[in-house]
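Asks: Quick mapping for you: the protein sequence lines, in order, are chains Z and V.
So the first sequence is numbered by the numbering used here: it starts at 1 and just counts up by one.
So the second sequence is numbered by the numbering used here: it starts at 1001 and just counts up by one.
Cβ coordinates follow ideal geometry from the N, Cα and C atoms, glycine included.
In this text the structure is predicted, and so the values were computed from the model without any measurement.
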Amino acid sequence: MIGAQPGGVHRRRHFLTTEDLGGRAITEILDTAESFISVGEREIKKVPLLRGKTIVNLFFESSTRTRTTFEIAGKRLSADIININTSVSATQKGESLLDTVRNLEAMHTDLFVVRHPMSGAADLIARSVPSHVHVVNAGDGRHAHPTQGLLDMFTIRRYKGDFRHLVVAIVGDVLHSRVARSQIHALTALGTKEVRVVGPRSLLPVAVESLGVTAYTDMAEGLRGADVIIMLRLQFERMSGALIPSAREYFDLYGLTQERLALAGKNAIVMHPGPMNRGLEIASDVADGPQAVILPQVTNGIAVRMAILARLAGASAGEGRTP
Amino acid sequence: MNIAIIGGRVIDPARDLDTTASLFIQDGRLASLGEPPAGFEAERTIDARGLIVCPGLVDLRARLREPGLEHKGTVESETRAALAGGITQLCCPPDTDPVIDTPVTAQWLIDRARHFGGAEVWPIGALTRGLGGTHLADMHALHKAGCVGVGNAALPIKDTAVLRHALEYASGLGLLVFLTPEDPWLSAQGVMHEGRVATRLGLAGIPESAETIEISRALMLIEETGVRAHFCGISSARGAALIAEAKGRGLAVTADTPVHQLYITEDDVGIFDTNYRLRPPARTAADRDALREALATGVIDALCSDHQPHEEDAKERPFGDAEPGIAGLETLLPLTLRLADLGILTLTEVLGAVTSRPAALLGIAAGRLETGWRADICIYDPHVEWIPTPASVRTRGRNSPFFGTTMRGQVVATIQGGRIAYERPTAP
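So, in C-alpha cells, the structure goes:
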C-alpha cells in the first residue's frame, strides 16, 4: 500500500455496512430492536427519540419494502420524513450525486437514508456530509444492504436462537446480491457455525470463499442439514450476458421446492428478502408454507430500522448544528 | 544559448555510462562531455555537483486532453508539467476529440507543444478512422505528419479481420503499432481487478483473461503479418509471460507498464478509493511482483506515466462512475527511482526504462546523451524528499493516489533542445 487510504473512520457515525460492526454491536442493535417490537403493538405507536429531526429517504432505485419500513420506523421515532424518489438517469443529466446531496443538506437534513444502484454510493455521500449528518445505507449496488442484513439476523435469532450452532444456506444470485454480502458479514461476526452459498458458478462471485463461506453448486448438498435457508431473488435487471440458460432450468436446479426443503434440518426456516419471484427461485407452497418466515421478516424490519436510527441519533445526542 | 553543466554524476543508460563529468551545450546540441569545446563560453553555468544528469525522460503514454477535454488539461498545461517531471518527449494517444486520424490534428498537436515550449509531443495516429474499428485510417499521411506510430488507444477493434488488415497495412509501411490488450467483452462491466476485493466491495471485476486473451489474439496476428507491435500497459503476470514467450520466439514485440502498476495492488482500492480506479486495473501482489521481475529481465521494455489528468469531479463519484487513471507526469521519475532503492534494478537500468529503451523502441533520436544530438537533459537531485499535492503540481489533473505521500528525487532543471525549459523554483 502506497497512497493515503481514506480509512473507515467515516463509517463509525454512519450505518453503511455490516462488515466492520462486530458481533457485540450487532447484538446490541438486535436487543434494542427487541425493545421496539412492543412499540408497534401499542395503541399509540410512537416514541419521541427523533422528535424535531429531519430524515430524507433518498432513493435512486425503486423500492417498496425498504422505503416504507424506513418511513414507518422514522415516524414511530417522531422524526419528520421526506421521501425523494429519483432515477439515476435524471441526475446524470445535470446534477452530480454529491450536488444533489449538498442541496438537500442545505435544507437542514439530519439523516439520509440512501439507496443507489452503484456500489460505494453511500460511502461517497457519508464522506462528503458534515459531521452532524448521518447516512444510512439502504442498499448500494451489489455492495451492501446492512439494515436488511440485520433484520435477517433478528429474524434468525428470534426463531433459531444461538448462531454458534446454526448452518445457514444462502441460495441463488449471490453475485449481484448486496443482501447476501451484508448477511455473510453479519453471520460470520455472530459466530455462525457454517455459512454456505449455493448457486450456479456463474452467479457466485470469484473468490467468494474469502468472505468466510463455503460454496456449493449442488443444491441438495448445499441444503443438507441447514437450519436456515435464505433464498435470493434472481436480479435480471443487473444481469448482462449469458449467466443462466433459462428460468425453467434455474428452477429445476435451484428452485426451493418441498422435496428440497425436506433435505434441510427438520425445523429449518425459509427466508427471502423480497421481492419474490414465485416459481422461479421458490415454489409457492414453500413461500406460503409453515416453515417460511418471509412476512415476519418485513415486520421485524421496522423494529430493526428503528433501532439503527435510534443508535445514530444517540451517537449525536446533545450535538448542536454548527452554523 | 551556451550552457555548461558542471560536476554532476552523469548517467547515460544507452552506453552504461555512470561517471562524474561536465556537459557543454551549444546551438541546441550536446557539444561535448568532459572538456569544453574550443572557444566555448558559457552564458549559463549550472552547478550540478551532488546532482544526477541523465537524458530527458521519454514517456510512452500521456494524455494531454486537448483537443476535446480542455477542462482536464491542455497541451500547454500538460507538456509543461511533463518538463517539470524531467520528461522531454512524450507520446500522445489518438483518443482526443477530434481523434488523431488526420494529419492536421497530428500537426496541430506538435506545433502547439512547440508554441508553448513544452515537452516535445509525438502523436500516435489512429489505426482506424475515428477509432471506430471498421475503416483503416490514413496511416501514411499520419506518419508523414509526425506520428511516431499508430494505434487504437483504449478502444477495441472487435472485428478480428479489420485488426488483421490494419496490422498488415501498417506492416507494409513499416509503422509501429500500439496495442492496448483488453478484451472488450470480458472487461465491459468491470471497474477493478476481479478477485476477493471486488467480491467484497460488490464491484464488477476485470478478469486477468481480459488481458491474456487480447494479447494472444494480437500475437497470432503479429506473427502472421510481421508487424512491429508495442503492447501498452501490461498488468498481469500471465500477460507478461505471454510477452516473454513471444519475444522468445523472435517476434518484433515490445511492452510497457505504467510505473504505478509496480506499486499498487487491488487492496489499495480499500473502501472505494476512486484514486485507485485504473485501467488496466491494479491486480494482485503476485502480479505486481511479476511485473517488477519482467522489467528486470527486459520482458517489459519501458515504464511510462500513463498520465490521465482529471478534474476533481471526475473522481468524486461512486467508484464505478469515477473516471479511470492517474495524473502521473510529475511522479514518473521518483517512482522509477524508487525501484532502484528497492534493489529491483540498478539506477542505470531504471533510468534506461524511461529514457533510452522507450526512445529505441520508438526509433527516435532521444533518450541518450550523444554528442551532436539535440540536448534533452534532465538534472535531478536524488536526495531531496518532497510531497506532491494538488496545489504543488503543474498538471491540471487533480487525481493521484501519490498526493500527500513522500517522493525521493526531484527535478532541478530540464533542458530541451538546448534551452533551460524548466527550473525548480528556488525557495524564497
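1) Taking Cβ-Cβ distances shorter than 8 Å, what residues in chain Z pair up with Thr1199 of chain V?
2) With a Cβ-Cβ cutoff of 9 Å, do His1260 of chain V and Gly1328 of chain V count as a contact?
3) Is the beta carbon of Asp1095 of chain V less than 9 Å from the beta carbon of Leu1131 of chain V?
4) Looking at chain Z, is there any beta carbon in it that lies within less than 9 Å of the beta carbon of Arg1196 of chain V?
5) Threshold first: 3 residues or longer. Then list the beta strand (DSSP E) segments lying entirely within the region 1084 to 1111 of chain V, N to C.
6) Are any of the Cβ atoms in chain V nearer than 9 Å to that of Gly7 of chain Z?
7) Use the C-beta contact count for Ile84 of chain Z: other C-beta atoms within 10 angstroms, 16 or more gives buried, fewer gives exposed.
8) Rounded to whole angstroms, what's the CA-CA distance from Asp1381 of chain V to Ala121 of chain Z? Just pull it up for me.
9) Using only alpha-carbon positions, find the residue among V:Pro1318, V:Asp1306, V:Asp1183 that is nearest to Ala1218 of chain V.
10) How many Å lie between Glu41 of chain Z and Leu175 of chain Z at the Cα?
11) Taking CB distances under 9 Å as the criterion, tell me whether Ala1327 of chain V reaches chain Z.
12) Under 8 Å: do the region 138 to 147 of chain Z and the region 103 to 110 of chain Z share three or more Cβ pairs, one atom per stretch?
13) So, is the C-beta of Ala220 of chain Z closer than 9 Å to a C-beta in chain V?
14) Using Cβ-Cβ distances below 8 Å, what residues of the region 260 to 287 of chain Z are close to chain V?
15) Three or more C-beta pairs closer than 8 Å, one from the region 1309 to 1321 of chain V and one from the region 1351 to 1366 of chain V: is that the case here?
16) Shorter than 9 Å from the beta carbon of Ser96 of chain Z to some beta carbon of chain V?
17) Report the rounded CA-to-CA distance for His165 of chain Z versus Asp80 of chain Z, giving the unit in angstroms.
18) At a CB distance below 7 Å, what residues from the region 117 to 130 of chain Z approach chain V? Give them in sequence order.
19) Relative to the alpha-carbon of Gly947 of chain V, which residue among V:Thr1160, V:Ala1360, V:Lys1144, V:Gln1089 has its alpha-carbon at the smallest distance?
20) For chain Z, is any of its Cβ atoms less than 9 Å away from the one on Arg1408 of chain V?
21) Would you check if the distance between the CB atom of Thr217 of chain Z and the CB atom of Arg201 of chain Z is smaller than 9 Å?
22) Pull up the DSSP beta-bridge partners for Glu1423 of chain V, would you.
23) What residues in the region 1300 to 1330 of chain V have a beta carbon less than 7 Å from any beta carbon of chain Z?
24) Under 7 Å Cβ-Cβ, which residues of chain V neighbour His143 of chain Z?
25) Please return the same chain residues whose Cβ sits closer than 7 Å to the Cβ of Ala307 of chain Z, not counting the five positions on each side in sequence.
26) With DSSP as the reference, label Asn300 of chain Z as helix, strand or coil.
27) With distance defined between alpha-carbon atoms, name the residue in Z:Lys160, Z:Thr64, Z:Pro130 nearest to Arg115 of chain Z.
28) Ala1084 of chain V and Val1393 of chain V - do their beta-carbons sit closer together than 9 Å?
29) Would you call Asp252 of chain Z buried or exposed, if buried means 16 or more other Cβ atoms sit within 10 Å of its Cβ?
30) By the three-class DSSP mapping on this structure, what secondary structure does Ile1011 of chain V have?
31) Measuring CA to CA, which of V:Thr1257, V:Ile1379, V:Gly1149 is closest to Leu1051 of chain V?
32) Using a Cβ-Cβ cut-off of less than 9 Å, give me the residues of the region 1256 to 1278 of chain V that come near chain Z, in sequence order.
33) By the criterion of Cβ-Cβ separation under 9 Å, what are the contact partners of Gly1205 of chain V in chain Z?
34) How big is the Cα-Cα spacing for His14 of chain Z and Val101 of chain Z?
35) Could you check if Pro1334 of chain V is buried or exposed, using at least 16 other CB atoms within 10 Å of its CB as the buried criterion?
36) Comparing the C-beta of Arg115 of chain Z with each C-beta of chain V, is any distance below 9 Å?
Replies: Result, derived from the coordinates:
1) Pro205, Val206, Ala207, Val208, Ser210, Leu211
2) yes
3) yes
4) yes
5) 1087 to 1092
6) Its pLDDT being 44, under 50, Gly7 of chain Z is placed unreliably by the model, and the measurement read from it follows with that caveat. Yes - at least one Cβ of chain V is within 9 Å of the one on Gly7 of chain Z.
7) exposed
8) 43 Å
9) V:Asp1183
10) 38 Å
11) no
12) no
13) no
14) none
15) no
16) yes
17) 41 Å
18) Met118, Ser119, Gly120, Ala121, Asp123, Leu124
19) Only positions 1001 to 1428 of chain V appear in this structure, which leaves residue 947 of chain V out of reach.
20) no
21) yes
22) V:Ala1413
23) Asp1313, Glu1316, Arg1317, Pro1318, Phe1319, Gly1320, Asp1321
24) Leu1201, Gly1202
25) Ile29, Thr32, Ala33, Phe36
26) helix
27) Z:Thr64
28) yes
29) exposed
30) strand
31) V:Ile1379
32) His1260, Tyr1263, Ile1264, Thr1265, Asp1267, Asp1268, Gly1270, Ile1271, Phe1272, Asp1273, Thr1274, Asn1275, Tyr1276
33) Pro205, Val206
34) 15 Å
35) buried
36) no
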